[in-house]
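Protein chains in written order, with this note's numbering: chain U, -16 to 331; chain D, 589 to 902; chain V, 589 to 967; chain L, 43 to 528.
Here is the structure we will look at.
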Amino acid sequence: MKGFTGPIYSYLAAVLVSMVLVSLLLALFRIPIFETYTLLITGSLGSMTKLGDTLMVSVPLIIASASLVITFKAGLWNIGVEGQIIAGAVAASFIARELQMPTQILLPAMIGAGFLGGAFWGLLVGLLKIRGGVNEIFGGLGLDFVATGLVVYLVIGPWSRKGIASTSGTEPFHENAWFPTVEGFRLSPLAVSVSLLVVLMVIFVFNRTQFGLKLRSIGLNPNSSYRFGIPTSRYILTALVLGGAVAGLAGVTQVASIHHRLVPSISGGYGFLGILVVLLAGYRPFLVIPIAFFFSMIAIGSIQWQLRLGLHSSLGGVFQGTLVLSVVLISAMRLLRQRREKHVKTEE
Amino acid sequence: MNPETLAIVISYATPLVFAVIGETITEKAGVVNLSLDGSMLLSAMTGFAVSFTTGNVVLGLMAGGLISSNIALVIAFSSIRLRLNQIAVGIVLTLFAAKLSAFLGQDFVRKPGPSVQDLHIPVLGDIPGIGPILFQQNLLVYSSYILVGFFFWFIFYTRQGLNLQAVGERPEAAYARGIDVNKLRYFYTALGGFLVGLGGAAFSLDVKLGWSDGHIANFGWIALAIVIFGGWHPIRAALGCYLFGLLQLVALKLQPLFPQLSQVLPIIPFPLMIMTLVFINHRKIQYLILRNNVFGRFITGRAPSALGESFQRL
Amino acid sequence: SSSGDIDSDSFKLGLILVGPQNDHGWSQAHFEGASYAVNKTGGELITIDKVNPADSPNVTVPQIVDDMISQGANLIVATSDDMKDGVLEAAAAHPDTPMIWASGDTAWSDGEDYRSDLKSLGNVMGKMEYGKMIAGCAAALQSDTGNISYLGPLINAETRRLVSSTYLGAKYCWETVKGKSVSDLKFKVTWIGFWFNIPGVTQDPTVVVNDFIASGSDVIISGIDTTEAIVVAGQAADSGKAVWAIPYDYEGACSEAAAVCLGVPYFNWGPSYHKIAKTVIDGNFKASFEWIGPDWDDMNNHDSSAIGFMKGDGLTSDNSKSLDEFIEKLAKGDLNLWKGPLNYQDGSAFLPDGKEASDKDIWYLSMLLEGIEGASTTE
Amino acid sequence: MSLKLLNIRKSFGTILANDDISVEIGQGEIHGLLGENGAGKSTLVNIISGSLTSDSGTISLDGKYLDMSSPSDAIEAGIGILHQEPLVFLPFSIVDNFLAGLPKSRDFDRKLLQDDVRKISQEYGFDLDPNALASNLTVGERQQLEIARLLWMGARVLILDEPTTAISETQRENLFTTIKLLAANGMSVIFVSHKLDEIQSICDRVTVLRKGSLIDTPTLPCPTSELVNLMFGEYTQDIPQNQSVIGENLLVLDGICVKDANSVIEEVHCKFSEGEIIGLAGLEGAGQRILLRGIAGLTKCYRGRIFFKEKEITNQSYKWYMENGFHYLPADREGEGLIQGLTITEHFALAGNQSQTIDWNKAAQLAEDKLREYSIRGTVTSKPEDLSGGNQQRLLLALMPDNLSVLSMEHPTRGLDIESAEWIWKELLERSKNGTTIIFSSSDIDELINFSDRILVCFSGTIIGNLLSKETTPYEIGSLIGGIHS
Ligand SMILES: Nc1ncnc2c1ncn2[C@@H]1O[C@H](COP(=O)(O)OP(=O)(O)OP(=O)(O)O)[C@@H](O)[C@H]1O
Ligand SMILES: Nc1ncnc2c1ncn2[C@@H]1O[C@H](COP(=O)(O)OP(=O)(O)OP(=O)(O)O)[C@@H](O)[C@H]1O
Ligand SMILES: [Mg+2]
Ligand SMILES: [Mg+2]
């Protein structure tokens, strides 16, 4: 499946359908519909602080989605992205905890470590795939849980707070290991820049480089690609390692700009959410930014649903799920109709 | 560990047995239903909500089964009719159903409600040793034994079971023998989904009574892993579930000795799944699979050849 | 907004909960306490629940505090030990807004974590030690097997002192009231790793309690935020086992399985929150550390007692009577269980004979007491 | 009992695969179905066996009209088909293979069936252990399994679609014995093959198809030459010959053996010169494809040695081959040649081994030029799936590097119209003139004779003929393809 492909009107039709479905749900629960939607906007964009928070949520989501674009384009269902985010976070936390250094050195070291940590976790998925014959879907899924297990072990064991055994998290890092923020906001320009840079890099790789073109061709047709002289296994491994490395950066931003410590749920589910974003974007990296931003608006705006309307916190997720489900199903039905019409024509 | 503790292993693993058997059947037919975690959540919620409202546990179980069976049908429809990737649809449905369960279940959180009643089987339950472990449980647990036995018999010893395997193994050959491949796939995906839903409902009506957000404790993902660990064989899969239950308890027993490790033991199904996959993909092992008969099939297990592939007739 | 009077109708209390507000436990107790306060003062309660990284990855405490303040909140209450870092950050960012971190110790000038710089951050906590002692006593009174289990959350100073208090209550009633030998009393704690169950991260409390029962415990005492202990005990009783449970935190928790409930030690946050809200409205809020004991005249008085113990249907009338006598002794001050000689779990001395523990000794208890089975730390 | 086909017609889009076919096959008759690749044989038997529905025409068995919409309808009517790759379930036991898809009317009983399997095995001299796993059987035994199953299901008409391609000589003998026995027991057998000797040795009559039409249905035995003529048409014109300049000895194959999952070629000894054009004749699956892949370095030889310019290159990587001017063009242009979803410009960017970053303007310019040069109907943003077969082939040629040493190519003109085919050959001859050695396979004897200097004939995984095209005749090639040494 290519995620969403096709003209903009059918995209809009799907968005409309999902809004209607969500509205029906709201009506069913006697929730004011119009207010719900306006709160979503004001709650996520209504002030500089809120805009900043929305941007900060979009950072890991954008990075995770960018990572997924890399592997999806190479035809790989990298469900291991969650684990790779976690591995990046663990590696960055290790640096933050172990190295006493000025922030100018520490932050780049954390970024580098997160990159390597994620890459290592991606490498495991890749080796399992090309050496062990384990499909990346199950290899990745398994390693997601192994990564969580690793964090739980660290948090309750070697990295636990003194006298405390709680899975809640490690001691906060020294402030040198925090991404600097804009005075008075939680917005970290560094984190936002990392996410934009990553997307730009992915766009560059797929628009401008041989490497990206080769990954795409492997994703589209591994047989032909091999005939063209592309060493497919090596590229698959590279894609998973690179995807993992990028995902690792999401882990870095999570520990260094959001939590300032390692917590078991450090990935925040952004890996799985990223899969939805990428499906909606039809694997197109530039669409990742607006869609991830919109998802972040839902995530942040829906806090207001809870605070102002007393709505349940899961409504935002229901909205996102409905949206993706309708877009994916509607575009597939459109394709089916097209195939039918073509078929009828050739029969005539 | 005393018999009573082992009895907990059995009852704790029971929802997992339902889900694993369900998913095994679905995958035997060649379809992967990746939405298990979401499906089980939604059916756990539905099962409890219906039982709570009607006071009838059986109705709750059925409702849980039906809702999950409908999710499974969405996957079947998207892959068979719309030719969408099963994995993609599965993931979307997982997240969607999980959130929906939290939203729809908000009025039922932590309410005391009906639960499945224990029923000790007179003679069997008094057998020293295994009696208290296996037969001082409830009807749901006994049904899970019957289910495992039934599907073992059904898959390997009946006409319909053979057709089920045929569809997942080589759909074009199945079609050539007059089997309606896609109809069976719809059916077994829905049936598998129903059992998965029973598992979800069993969780909230028997293992962890009531409803709370994220109630089923990753059981969906664990079930997916155990289907593989179980080598797509109902009995081995059930043993996998009990092993998982046992590990949970071992983890508790180890807490005073290895407090850090004990917390991590519950993830063991996942490395086991990966190791199983490496194992069955190993060339020498594959040789074993091909050479050995019943024993080899049990020990090695293998995925249905056409798992995840769609079928279109000529 | 901190100085000067506030029109009580426009008063807004922002409440940040770690779990669901209907958890029949810790969070619900806070929610009802805050509702009580706002009912009394007038004004509005703004609540957000499930503020923890597992349930709400996009939501942090400072972010919520910002938002509540921009909505006009005059007092903000953060209700979890787990919110420490966020609360400190928010208090530093909004030095003029009165805030309460329930269960913390940052306003305790004698405490180890005193933050003199955070002038508007106060702490409130009920002396649950008493509630737990009563719970322990009730457990020992009712237990036939002398096998009592404690469902522990995570390990820290707070949980160590609560488990220890429970044990002290149990030991006293086992020895003194029932006249049995302490060597026949088995008191075991198993920790799940957090205040409530997080799938894949914590141990599953349902499994833990089932295991307690299978290994012969007939009374389960809960120390976690949610109700698994009593639910599982109820289920076991349904299948014919003689098992009782003592839930925690929330007055109504017994309703999950009334027949097996021996009682519940609970927090009654209402009076404390009301008092603080009034100081905010009157413009004389002062951050302080409040560790408030029960109203010994009537522990279950909603308008005055910070903690209480509500007896459950499961307690026999004889035991109920004995328990009342035990409570009476505590109330009169005749009985101080935190008094030497007391040893730590490893046998080393905690308090010499006759010495009473200070508040600091208890608050910062570094190890479980002798006689308790289970981990004290992970080191 | 007799099977009667009347006016069967079937088309796929514009291709008329069966054009008004009428045949009658009697009881106990072994009826051959003969024709070159793509003649329409499989289409016809798929219609008879219910896998395909015809556009028009009727099928009747014993005068009863059959209305079949699926293979199970055919089986019910008594018509069974054995596919080239027997459709068995490998992980199942033999008994279970019998039982899968069993109609409701039959009892599901493994015990009884074991006896049945043994009985049938005995009757037809099969060696089938009812409890053995199908995955442990040879292809020949799998065929026996399928035949036994079809008999057990009550087939009275048995169709065998190219059953001898993948089995050994002894297995073939066994199969033929079986077929004769079946016919003697009153079964009608339809035997599809390209192999003339097989047809001659077991068939009573043969229907010859060419390009979808029924040419004739002679009774056998008849002179093999006549069959060759019926299959390929009469060659009366004098065909202009290729005039390549043959240079130095370039490539030497010293007894190489290559195989993959489906096919094998063994013991190939051959020398190719610079600028030489070599045609590979043979049936599908006789080994041409795997030989071409071996020559291009895409599949490694497991025995034998390859020398290039007098240096041994046997174990070099595919990358090395590509860098040294080897190139392979597959028959499956969309599946293994081009990449669906990439534009033509992107194909050129991928093929041109340029620097790591791509200059799209340059790539588009290159694509633009090549489109013009190779007269490809399409734009630089077209994708392979938008192009016709001829244009896909032109694109594949356009994507090749300029100075090739060895071009290894399957079916250069399959599916192309005359004009495109001529254009392709003009291009290929040009390259050969510039020194490229071209090795190609083809099922078109015209093409082989017309354009090669030498023709190698593959049969069942070996080379059985090495002919100078100037000296050979279509008849000689056709006989060798059918495995007959004249
Ligand atoms: N499903 C299909 N769709 C489109 N074209 C088809 C299809 N099946 C066959 N054809 C075309 O119909 C023609 C006859 O094909 P068929 O497979 O019957 O030939 P054949 O005689 O069996 O050839 P071979 O000897 O190679 O097996 C060919 O041109 C083929 O490309
Ligand atoms: N799958 C397809 N998708 C889109 N367009 C197609 C497709 N197949 C064919 N076309 C369009 O139809 C045109 C005619 O295609 P077709 O394959 O029938 O050509 P043709 O006449 O057989 O030519 P050739 O001899 O080169 O094969 C193509 O040029 C192309 O533009
Ligand atoms: Mg054919
Ligand atoms: Mg064409």
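Backbone N, C-alpha and C define an ideal beta-carbon position, used for all residues, glycine too.
Return the CA-CA distance between R749 of chain V and D669 of chain V, expressed in angstroms with no decimal places. 15 Å
Taking C-alpha atoms, which residue in D:G766, D:G787, D:I743 lies nearest to M650 of chain D? D:G787
Exposure of R765 of chain D, with buried meaning 16 or more beta-carbon neighbours within 10 Å: buried
Can you round the beta-carbon distance between T302 of chain U and I281 of chain U to whole angstroms, since I take them to be within the 8 Å contact cut? Per the sequence shown, the amino acid found at residue 302 of chain U is Phe instead of Thr. Yes, they are in contact, since the Cβ atoms of F302 of chain U and I281 of chain U sit about 6 Å apart, within 8 Å.
Name the residue from L:S147, L:S397, L:G324 whose alpha carbon lies nearest to the alpha carbon of E78 of chain L. L:G324
Boundaries of the alpha helix (DSSP H) in which K759 of chain V is found, first to last residue: 745 to 760
For chain D, find out if any of its Cβ atoms is closer than 7 Å to the Cβ of F103 of chain U; answer yes or no. no
By alpha-carbon positions, which one of D:T614, D:G652, D:P892, D:L834 ends up nearest to G693 of chain D? D:G652
Would you mind sorting A226 of chain L into buried or exposed? The rule is 16 or more other CB atoms within 10 Å of its CB. exposed
What are the boundary residues of the beta strand (DSSP E) that includes E66 of chain L? 57 to 68
Residues near I281 of chain L by beta carbon distance below 8 Å, same chain, minus five either side: Reliability fails at I281 of chain L, whose pLDDT of 44 lies under 50, so the model's placement of it is uncertain and the value that follows must be treated cautiously. Taken in chain order, the residues that qualify are D488, I491, N492.
Below 8 Å, how does it come out for the segment 242 to 260 of chain U and the segment 33 to 49 of chain U: are there three or more Cβ pairs, yes or no? yes
Cβ-based contacts, 9 Å cut-off: residues of the segment 752 to 784 of chain V near chain U: W779, I780, G781, F782, W783
Below 8 Å on the Cβ atoms is my guess for N118 of chain U versus G226 of chain U; work out the distance and round it to an integer in Å. Actually they are not in contact, since the Cβ atoms of N118 of chain U and G226 of chain U sit about 16 Å apart, beyond 8 Å.
Between the CA atoms of N610 of chain V and S6 of chain U - distance to the nearest angstrom: 26 Å
Where does H803 of chain D land, buried or exposed, given buried means 16+ other C-beta within 10 angstroms? Classification for H803 of chain D: buried.
Nearest neighbour of A625 of chain V, chosen from V:F873, V:L930, V:S860, V:Y932 [CA to CA]: V:S860
Does the beta carbon of P113 of chain L come closer than 7 Å to any beta carbon on chain D? yes
Starting from the beta carbon of P155 of chain U, find every residue of chain V whose beta carbon is closer than 8 Å, and list them in chain order. Those within 8 Å of P155 of chain U in chain V are D673.
Buried or exposed for M(-16) of chain U, going by 16 or more other Cβ atoms inside 10 Å? Here M(-16) of chain U scores only 42 on pLDDT, less than 50, and its place in the model is too uncertain to base an answer on.
What does DSSP give as the partner residues of N726 of chain D in its beta bridges? D:D706
Rounded to the nearest angstrom, how far is the Cβ of G881 of chain V from that of K715 of chain V, given a contact under 8 Å? 4 Å
Going straight from the alpha carbon of T329 of chain U to that of F349 of chain L, what length do you get? Confidence is the limiting factor: at T329 of chain U the pLDDT is only 49, short of 50, which leaves the residue's position unreliable and the question unanswerable from this model.
Give the interface partners of L865 of chain D over in chain U, defined as CB-CB distance under 9 Å, in chain order. Simply L111, G115, G116, V117, N118, F121, G122, G125.
Run through DSSP, which three-state label would R609 of chain L get? Here chain L has residues from 43 to 528 only, and residue 609 of chain L is not among them.
Where does T236 of chain U land, buried or exposed, given buried means 16+ other C-beta within 10 angstroms? By the 10 Å Cβ count, T236 of chain U comes out buried.
Mind the definition here: the segment 5 to 23 of chain U touches the segment 697 to 705 of chain D only if three or more C-beta pairs lie below 8 Å; say whether that holds. no
Quick one: what does DSSP say N433 of chain L is sitting in, helix, strand or coil? helix
So, are the CB atoms of W614 of chain V and Q730 of chain V less than 7 Å apart? no
Tell me F274 of chain L's beta-bridge partners as DSSP assigns them. According to DSSP, which records beta bridges pairwise, F274 of chain L is partnered with nothing at all.
So the alpha helix (DSSP H) N227 of chain L belongs to, where does it begin and stop? That residue, N227 of chain L, is in no alpha helix (DSSP H); it is neither H nor E in DSSP.
Per-residue contacts from A757 of chain D into chain L (C-beta, under 8 Å): Reading off the sequence shown, one finds Glu at residue 757 of chain D, where the question assumed Ala. Result: F131, L132, P133, F134.
State the Cα-Cα distance for the pair S589 of chain V and D870 of chain V, rounded to the nearest angstrom. In this prediction, S589 of chain V scores a pLDDT of 42, lower than 50, which makes its location untrustworthy; the coordinate-derived value is nonetheless stated afterwards. Those two C-alpha atoms are separated by around 11 Å.
Along the segment 251 to 273 of chain U, what residues have a CB closer than 7 Å to any CB found in chain D? Cβ contacts with chain D come from F255, I258, L259, L262.
Please state whether the Cβ-Cβ distance between Q848 of chain D and G231 of chain U is less than 7 Å. Here Q848 of chain D is not near G231 of chain U, since their CB atoms are 7 Å or more apart.
Determine the chain V residues that contact T32 of chain U at a beta-carbon separation under 7 Å, and present them in chain order. D654
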